[in-house]
Amino acid sequence: MSSTIYNHRSLQPTGPPAQGPSQHTHVRLNEAFDTIRQEFDVLTSDLGLLRNQRDEYESKVTSQINELNIIRQSLYELESQHGKIRQQYEEELSRLRAELHAARQGIPANPPPHPAVGPASVGPSGPPAPPVSVPGVLPATGPGSYSDPYYGRDRDRDREREKDRERADRDRERELRDRERERPAEARDPKRIKTERMKGDRPDHYSPSLVPGPTPKLPAPGGPPTFQGPGLPPPPSAHPPYPPGPGNPAPSGPTEQPPASSSLAPVNNNSNGGQFPDDLDPHNVPPELKKEGSDWFAVFNPKVKRVLDVALVHTLMHESVVCCVRFSADGKFLATGCNRTAQIYDTKTGAKTCVLADETAGKAGDLYIRSVCFSPDGKYLATGAEDKQIRIWDIAKKRIRNVFDGHQQEIYSLDFSLDGRLIVSGSGDKTARIWDMVDGSSKVLTINDPDSLNNDAGVTSVAISPNGQLVAAGSLDTVVRIWDVATGLLIERLRGHRDSVYSVAFTPDGKGLVSGSLDKTLKYWDVSGLVNGAKRKDATANGKKEMEKASQCTMNFMGHTDYVLSVAVSHDGQWVVSGSKDRGVQFWDSHTATVQCMLQGHKNSVISIDLSPSGNTLATGSGDWQARIWSYQTV
Numbered sequence: 351m352s353s354t355i356y357n358h359r360s361l362q363p364t365g366p367p368a369q370g371p372s373q374h375t376h377v378r379l380n381e382a383f384d385t386i387r388q389e390f391d392v393l394t395s396d397l398g399l400l401r402n403q404r405d406e407y408e409s410k411v412t413s414q415i416n417e418l419n420i421i422r423q424s425l426y427e428l429e430s431q432h433g434k435i436r437q438q439y440e441e442e443l444s445r446l447r448a449e450l451h452a453a454r455q456g457i458p459a460n461p462p463p464h465p466a467v468g469p470a471s472v473g474p475s476g477p478p479a480p481p482v483s484v485p486g487v488l489p490a491t492g493p494g495s496y497s498d499p500y501y502g503r504d505r506d507r508d509r510e511r512e513k514d515r516e517r518a519d520r521d522r523e524r525e526l527r528d529r530e531r532e533r534p535a536e537a538r539d540p541k542r543i544k545t546e547r548m549k550g551d552r553p554d555h556y557s558p559s560l561v562p563g564p565t566p567k568l569p570a571p572g573g574p575p576t577f578q579g580p581g582l583p584p585p586p587s588a589h590p591p592y593p594p595g596p597g598n599p600a601p602s603g604p605t606e607q608p609p610a611s612s613s614l615a616p617v618n619n620n621s622n623g624g625q626f627p628d629d630l631d632p633h634n635v636p637p638e639l640k641k642e643g644s645d646w647f648a649v650f651n652p653k654v655k656r657v658l659d660v661a662l663v664h665t666l667m668h669e670s671v672v673c674c675v676r677f678s679a680d681g682k683f684l685a686t687g688c689n690r691t692a693q694i695y696d697t698k699t700g701a702k703t704c705v706l707a708d709e710t711a712g713k714a715g716d717l718y719i720r721s722v723c724f725s726p727d728g729k730y731l732a733t734g735a736e737d738k739q740i741r742i743w744d745i746a747k748k749r750i751r752n753v754f755d756g757h758q759q760e761i762y763s764l765d766f767s768l769d770g771r772l773i774v775s776g777s778g779d780k781t782a783r784i785w786d787m788v789d790g791s792s793k794v795l796t797i798n799d800p801d802s803l804n805n806d807a808g809v810t811s812v813a814i815s816p817n818g819q820l821v822a823a824g825s826l827d828t829v830v831r832i833w834d835v836a837t838g839l840l841i842e843r844l845r846g847h848r849d850s851v852y853s854v855a856f857t858p859d860g861k862g863l864v865s866g867s868l869d870k871t872l873k874y875w876d877v878s879g880l881v882n883g884a885k886r887k888d889a890t891a892n893g894k895k896e897m898e899k900a901s902q903c904t905m906n907f908m909g910h911t912d913y914v915l916s917v918a919v920s921h922d923g924q925w926v927v928s929g930s931k932d933r934g935v936q937f938w939d940s941h942t943a944t945v946q947c948m949l950q951g952h953k954n955s956v957i958s959i960d961l962s963p964s965g966n967t968l969a970t971g972s973g974d975w976q977a978r979i980w981s982y983q984t985v
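Numbering (this note's numbering), first residue to last: 351 to 985.
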């Protein structure tokens, strides 16, 4: 019995279990997690607010940049008007003082004759205007001259009506004289710096600033033109004109013939019908010869039948100088190159569809994209820049497919072959190179001419012929050279330009080559003998003399008043189009070298142009930080 009683198990307490140390730890962890979760939610909310604020700020910055660009353009125009008005009043004051002095001495006062008035941007330029009188210093009218501000006031009042009639003429004259005033009269050094001229590029009447340098290196283009009002000193880069010297003949008018030593055929200069009339005033032409937009206008040549119509389609704002423009093969997209980035736009809507920037490139200084080119299938975009590298971008992935490295100086020009297998590049290192897109191999096309002008033969522009057999290159030494793609041999030298060649373009049939130069002219070269290969073999076998006779210049295109910076040929071969430092674009009949139309739509040099392979669309890139898309139609 006792064993039964004492062997049973004692009862356990039925209350809640004792709180052990492990349970307290779980509670504290849960509380910590709740606190972290709450803080995370707060941070997430703050992040959302910050993102919204960032988007809002970016939107504001973009709108402010656009507003600043508009203000900058307005300032350009206001500064130009201010300069014109100031010069007008200074000349009026000088003339009145001369009349006053003559009247006091009893001499009949004859106002100085006005030079022939011509448009500011078309026709050959006239002689330089006399220097501007310095503000605050009165020009002397003769020994012992003096002025009396009160004498002859009534007579001046009577002549106000006559002055009003003369002011319109003077305004037109001012544009021409302003353009010519600072242009050097002596020759300039043939070592041309391709985009350095854009640094000092100013709207309207400011001349380029030329910077001497021992190498053909082409520095970065400048930003927007700096403001410099009348009476201010020139920019630091300005210098006196280079004196004439060996290999640097004194320049002459744009109608000067090629040198006698040149092997050119008789050239069609179209001295009568090719250019705009000297006295054509773009501001006073008949309505049927002019078309105007809000900030652009086109003037048509009255000497030929009007068969063309042009219109502005899109204005594409950039954040730096637009160095290059290029259409895709189907014409649906336009690529542009500026500082550090290449952009792609939809040509129909004007919308920016892609921005390509190499984040691995050094951040110090500028890195201008000098050249862009689509592959024929539109999948890739090649860019050439100041860092000597050619980048091939996969557009869809926005990634670099491969990099071609080998040039020793900046890349200035790129062109794909029509089959997409080859890409040719031109550089300031005096070479062009042919790159194979499949295996990455390259072929160097070297310039080793012993007679190259000052050995300055940096390549500014390259083009590959439609059949893929020829590569043409324009150089700083005024020569256009043509190589055989298969052999890499130089087979042609085209001589005739009097200054650096900045642009070359083949005609669609491959039988012609158009070149544009700083001598303000374009030339058409007949290279049909090279297409079938017969003359290529002869030229290679027989040496330099045969090479120079193989192709000839058959047409000169004259009419620009400043450097020709870019040329293009329409898809049907009907039109040659050129862009110039005179801020104008000219359409030329490719068969007669007759100018059909002059287009003014930029506030600065037209650095690059391209015509759509699909037809009827023109693109222009300028130092005014804009690219523009235009339409043109045959009427």
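Using N, Cα and C, we set each Cβ at its ideal position, and we do this for glycine too.
Membership of residue 880 in the alpha helix (DSSP H) is indicated by the continuous run 878-881.
The continuous beta strand (DSSP E) containing residue 704 extends over residues 702-706. Relative to the Cα of residue 729, the nearest Cα in the group 763, 754, 694 and 718 belongs to 694. Cβ contact annotation for residue 856 (same chain, cutoff 6 Å, sequence separation greater than five): 813, 815 and 863, in chain order. At the C-beta level, residue 932 and residue 912 come within 8 Å of one another. In this model, residue 745 and residue 848 are separated by some 40 Å (Cα to Cα).
Collapsing the DSSP output to three states places residue 419 in a helix. Distances from the CA of residue 640 to each of 748, 914 and 949 were compared; the closest alpha carbon is that of 949. Out of 625, 708 and 408, the CA that lies nearest to the CA of residue 739 is found in 708. For residue 831, the enclosing beta strand (DSSP E) stretches over residues 830-834. Inter-segment contact for the stretch 396-406 and the stretch 923-940 is absent: fewer than three beta-carbon pairs are separated by less than 8 Å. Here residue 382 is exposed: its Cβ has fewer than 16 other Cβ atoms, across all protein chains shown, within 10 Å.
For the beta strand (DSSP E) assignment, the uninterrupted runs of no fewer than 3 residues enclosed by the stretch 758-815 are, from N- to C-terminal side, 761-766, 772-777, 781-786, 792-796 and 809-814. Excluding residues up to 5 positions away in sequence, 730, 732, 751 and 752 lie with their Cβ nearer than 6 Å to the Cβ of residue 742 in the same chain.
Beta bridge pairing from DSSP links residue 922 with no other residue.
Secondary structure at residue 964: coil, using DSSP grouped into helix, strand and coil. When the alpha-carbon of residue 675 is set against those of 668, 684, 669 and 667, the nearest one is in 684.
Separation of the CB atoms of residue 866 and residue 852 is rounded to 6 Å, and the pair is thereby assigned contact status at 8 Å.
For residue 400, the secondary structure class from DSSP, reduced to helix, strand or coil, is helix. Residue 916 is positioned such that its CB atom lies no closer than 8 Å to that of residue 876.
Going by DSSP, residue 825 is part of the beta strand (DSSP E) stretching over 820-825. Taken through DSSP and simplified to helix, strand or coil, residue 631 comes out as coil.
Contact between residue 807 and residue 854 does not hold, since their C-beta atoms are separated by about 14 Å, which reaches or exceeds 8 Å.
Looking at the DSSP output, residue 929 bridges to 916 and 935. As DSSP reads the structure, residue 945 sits in a beta bridge with 938.
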